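Heads up: the structure comes next, in structure tokens.
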Amino acid sequence: TAAPPRQPLTRLRGAQRDTRPAWMTKGVGIGTAILGEATGELLKPGMTKKDLEELESRGLSDGPDPFGDVFRQSESGRVAMDRLPSSRSLSAGESEPGPEVATPAEGCEAASADPTFEHLDEHSFDGVAAAALDFPYAAAQNPSGSFSVDFWARPRGGSGYRSPLASRDMPARGYTFFITPQGRWAFWAGLPEKNEWTKVDGPCVREGEWQRITGVYAAASRSLRLLVDGAEYARRRPATPVE
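For what it's worth, the UniProt record's numbering labels the leading residue of the sequence shown as 1, then goes sequentially.
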């Protein structure tokens with residue numbers, strides 16, 4: 001007698017880790033979602049889909065970076081060097097009500113008359129590798145003491161953690177600006193001594209409008225300030241003292 005036919009094996013599409021290059025998480029103009037889409041439950045080692053949903057619902061707090069193994073040195077994208085300034089006229093629009101009254105940052109050194117680094121080009125990023133800009137490393141862009149970073153951005157579309165500007169590496173060091181899944185501006189700065197990130201959240205993003213974003217880091221107190229359109233919205237010290 002003939003053997004009964006075997007049922008064909010059903011191939012299930014499991015979890016898919018984002019295999020896009022590291023430019024998606026470093027440099028200027030990061031794509032729409034750091035972890036990409038997944039049809040299974042495991043998004044990355046130690047993080048399930050449920051974990052990610054909880055992170056997005058409550059936001060991030062001080063501590064080790066949950067996306068640490070995603071942020072790596074970038075080797076893709078266009079390198080921005082020796083570009084000529086381009087002029088443009090921007091309108092900041094009206095700021096949201098309720099910002100804190102800005103006061104001098106604790107522990108900040110006196111600001112210099114001129115910026116240590118300036119890039120005046122205007123660029124648009126649509127989530128493709130060729131659209132991102134990588135700047136060669138320069139000490140002036142990565143100071144060891146107090147610093148401030150100031151830029152203009154007009155976000156449109158996308159979801160998840162979107163970053164228009166990042167200069168960071170692992171263990172936790174450098175700085176990053178994010179739009180959180182809740183649609184708010186955020187500023188992170190690394191504490192390499194603790195392998196942690198200090199993070200502040202600001203106001204809601206105004207989609208399709210130009211906004212001026214400024215992050216200030218005071219080295220003496222390890223504190224952050226986040227200003228949007230010139231108004232201070234958040235200030236934060238690390239949860240644990242730095243030894």
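A virtual CB, placed ideally from N, CA and C, is assigned to each residue, including glycine.
Since we're looking at a predicted model, the values are computed, not measured.
For residue i, which of helix, strand or coil comes out of DSSP?
i           : result
residue 219 : coil
residue 231 : strand
residue 139 : helix
residue 145 : coil
residue 160 : coil
residue 154 : coil
residue 205 : coil
residue 214 : strand
residue 180 : coil
residue 196 : strand
Take the Cβ of residue i as the centre, count every other Cβ of all protein chains shown within 10 Å, and call the residue buried at 16 or more, exposed below.
i           : result
residue 150 : exposed
residue 217 : buried
residue 161 : buried
residue 182 : exposed
residue 196 : buried
residue 226 : buried
residue 136 : exposed
residue 163 : buried
residue 159 : exposed
residue 157 : exposed
residue 215 : buried
residue 231 : buried
residue 140 : exposed
residue 138 : exposed
Is it true that the CB of residue j sits closer than 8 Å to the CB of residue i?
i           : j           : result
residue 219 : residue 145 : yes
residue 198 : residue 165 : no
residue 177 : residue 213 : yes
residue 189 : residue 175 : yes
residue 236 : residue 204 : no
residue 202 : residue 228 : yes
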